[in-house]
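Participant: Submitted below is the structure of interest, expressed as structure tokens.
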Amino acid sequence: MFAVDKAERAVSRHTEELVPSRYALQVGEIDVLIVSDGVLPLPTATMATNATPDDLANWLDYMFMPRDAFDWPLNVMVARSGAQTILVDTGLGSQFSGFPRAGQFPQRLKAAGIALDTVTDVIITHMHMDHVGGLLADGVKEQLRPDVRIHVAAAEVEFWDAPDFTQTVMPTPVPPVLRSTAASFLKEYRSKLRIFKDQYQVAPGVVVRLTGGHTPGHSVVDLTSEGERLTFAGDAMFPVAFDHPEWQNGFEHDPEESTRVRLGLFRELAENGGLLVASHLPFPSVGRVAVDGDAFRYVPVIWDF
Ligand SMILES: [Zn+2]
């Protein structure tokens with residue numbers, strides 16, 4: 128399991144928070160840590176662009192959620208397999224001042240006793256700022272090893288050369304920051320990219336695979352070890368998706384393909400019984416998927432502490 132050594136404990140005493148921001152589990156022999164990057168307050172309409180306002184309002188009431196805006200959780204995963212330490216996404220960073228409660232991943236990673244210079248690989252599910260921004264935060268690049276490998280799908284790198292936002296519905300200030308953050312990421316890290324086409328085994332039992340949908344190069348990460356499995360689904364699903372998998376999200380560059388990808392992953396997870404973790408499900412976002420009539424049900428794991 129991930130253990131905090133003495134020196135790090137002394138450091139973390141200064142950064143200790145009352146509410147835990149990390150959750151550790153094991154998938155067979157793979158050590159997994161889910162770290163919260165914080166939350167992003169967004170208009171609720173963003174999560175259901177093709178729902179009627181009444182249907183969305185009813186769902187929000189049913190979930191005891193406010194009708195206008197709600198906090199999207201933002202989760203990052205760390206996996207250790209063999210000699211490799213792998214980050215799966217990196218949080219928001221500090222590119223965008225509109226989300227002051229997110230961007231906490233670098234300091235929370237440090238507080239968890241994981242030094243950036245021990246990271247051998249980074250997997251990027253897609254190049255939206257809440258997934259690559261942490262790599263652009265102050266001092267992060269300098270602490271990373273010069274030989275760190277950053278895995279991203281070829282289709283994703285290609286997409287951000289001339290990204291298409293025509294099918295998205297985002298708050299006005301967001302698209303330009305998404306464009307500039309993706310461009311900065313490519314500028315800073317192009318020489319470290321390890322580009323894959325359909326799928327790639329990053330470490331024993333750690334495979335990244337292209338799904339497309341949310342962005343053309345959107346990918347998920349499968350961990351499998353000793354008969355256990357966990358899928359980090361990135362932005363293939365949001366909290367509303369279990370009850371309404373057909374509701375489209377404003378951040379999806381291809382909403383119809385996103386729905387197909389989401390349904391495929393839900394069915395796959397319901398079938399194989401593996402664990403699901405997703406970027407924007409409530410922390411620690413570790414659970415399973417069950418079929419529930421025409422929709423699905425999220426079954427959180429019992430906090431093992
Ligand atoms: Zn996201």
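Residue numbers (my numbering): 128 to 432.
Even glycine gets a Cβ: it sits at the ideal position worked out from N, Cα and C.
All figures in this text were calculated on a predicted structure; none of them were measured in a lab.
1) CB-CB under 8 Å to P382, same chain, minus the five flanking residues each way: which ones, in chain order?
2) Within 6 Å: the Cβ of H371 and any heavy atom of ligand 1?
3) Looking at H255 and ligand 1, is the gap between the Cβ and the nearest heavy atom below 6 Å?
4) Per DSSP, what kind of secondary structure is L392 in: helix, strand or coil?
5) Compute the Euclidean distance between the alpha carbons of H141 and A289, then round it to the nearest angstrom.
6) Beta carbon of L219, beta carbon of D182: below 7 Å?
7) With a floor of 3 residues, list each beta strand (DSSP E) that falls wholly inside the segment 268 to 319, ordered by position along the chain.
8) So, N202 versus I157, is the Cβ gap smaller than 7 Å?
9) Distance, Cα to Cα, I213 vs G339?
10) Going straight from the alpha carbon of S208 to that of Q222, what length do you get?
11) Would F423 be called buried (16 or more neighbouring beta carbons within 10 Å of its own) or exposed?
12) Is the distance from the Cβ of V159 to the Cβ of R228 below 7 Å?
13) Since G83 contacts E353 with CB under 8 Å, what's their CB separation in whole angstroms?
14) Just to confirm, does D362 get its C-beta within under 6 Å of one of the non-hydrogen atoms of ligand 1?
15) Tell me whether the segment 231 to 245 and the segment 278 to 285 touch, counting them as touching only if at least three CB pairs, one residue from each stretch, are closer than 8 Å.
16) For A196, collect the residues of the same chain with a Cβ closer than 7 Å to its Cβ; drop the 5 residues on either side in sequence, then sort them by chain order.
17) E315 to S307, Cα distance in whole Å?
18) If you scan the segment 212 to 260 from start to end, which runs of the beta strand (DSSP E) of 3 or more residues do you find wholly inside it?
19) If you draw a straight line from the alpha carbon of L408 to that of R317, how long is it in whole angstroms?
20) How would you call E144, buried or exposed, if buried means at least 16 neighbouring beta carbons within 10 angstroms?
21) Per the contact definition of three or more C-beta pairs closer than 8 Å, is the segment 272 to 281 in contact with the segment 243 to 253?
22) Which stretch, first to last residue, makes up the alpha helix (DSSP H) that contains A184?
Facilitator: Looking at the atomic coordinates:
1) In the sequence shown, residue 382 corresponds to position 255, counting from 1. Cβ within range, chain order: T176, N177, Q294, Q375, N376.
2) Indexing the sequence shown from 1 puts residue 371 at position 244. Answer for H371: no, Cβ out of range of ligand 1.
3) Counting from 1 along the sequence shown, the entry for residue 255 is found at position 128. H255: yes, Cβ under 6 Å from ligand 1.
4) Sequence index remark: in the sequence shown, residue 392 carries index 265 (1-based). Three-state DSSP puts L392 in a helix.
5) What you label residue 141 is simply residue 14 of the sequence shown in a count that begins at 1. What you label residue 289 is simply residue 162 of the sequence shown in a count that begins at 1. Confidence at H141 is low in this model, with a pLDDT of 48, below 50, so its placement is unreliable and the value that follows should be read with caution. Approximately 44 Å, taken between the alpha carbons.
6) Looking up residue 219 in the sequence shown gives position 92. Looking up residue 182 in the sequence shown gives position 55. Against a cut-off of 7 Å, the Cβ pair of D182 and L219 comes out as no contact.
7) 276 to 280
8) Position 75 of the sequence shown holds residue 202. Position 30 of the sequence shown holds residue 157. Going by C-beta atoms, N202 is not nearer than 7 Å to I157.
9) Working through the sequence shown from its first residue, we reach residue 213 at position 86. Working through the sequence shown from its first residue, we reach residue 339 at position 212. Cα-Cα distance, rounded: 22 Å.
10) Counting from 1 along the sequence shown, the entry for residue 208 is found at position 81. Counting from 1 along the sequence shown, the entry for residue 222 is found at position 95. Approximately 31 Å, taken between the alpha carbons.
11) The residue you call residue 423 lines up with position 296 of the sequence shown. Its Cβ being crowded by 16 or more others within 10 Å, F423 is buried.
12) For the purposes of this step, residue 159 is taken as residue 32 along the sequence shown, with counting starting at 1. For the purposes of this step, residue 228 is taken as residue 101 along the sequence shown, with counting starting at 1. Cβ atoms of V159 and R228: not closer than 7 Å.
13) Outside the shown range of the chain (128 to 432) lies residue 83, about which nothing can therefore be said.
14) The count along the sequence shown starts at 1 and reaches residue 362 at position 235. D362 Cβ: within cutoff of ligand 1.
15) no
16) Sequence index remark: in the sequence shown, residue 196 carries index 69 (1-based). The residues are P168, L169, P170, T171.
17) Taking the sequence shown and counting its residues from 1, one reaches residue 315 at position 188. Taking the sequence shown and counting its residues from 1, one reaches residue 307 at position 180. The straight-line gap from Cα to Cα measures roughly 12 Å.
18) 248 to 250
19) The residue you call residue 408 lines up with position 281 of the sequence shown. The residue you call residue 317 lines up with position 190 of the sequence shown. Their backbone Cα atoms lie some 30 Å apart in a straight line.
20) The residue labelled residue 144 in the question sits at position 17 within the sequence shown. Looking at its Cβ environment, which holds fewer than 16 other Cβ atoms inside 10 Å, E144 is exposed.
21) yes
22) Start at 1 with the first residue of the sequence shown, and residue 184 comes out as number 57. A184 -> alpha helix (DSSP H) spans 180 to 189.
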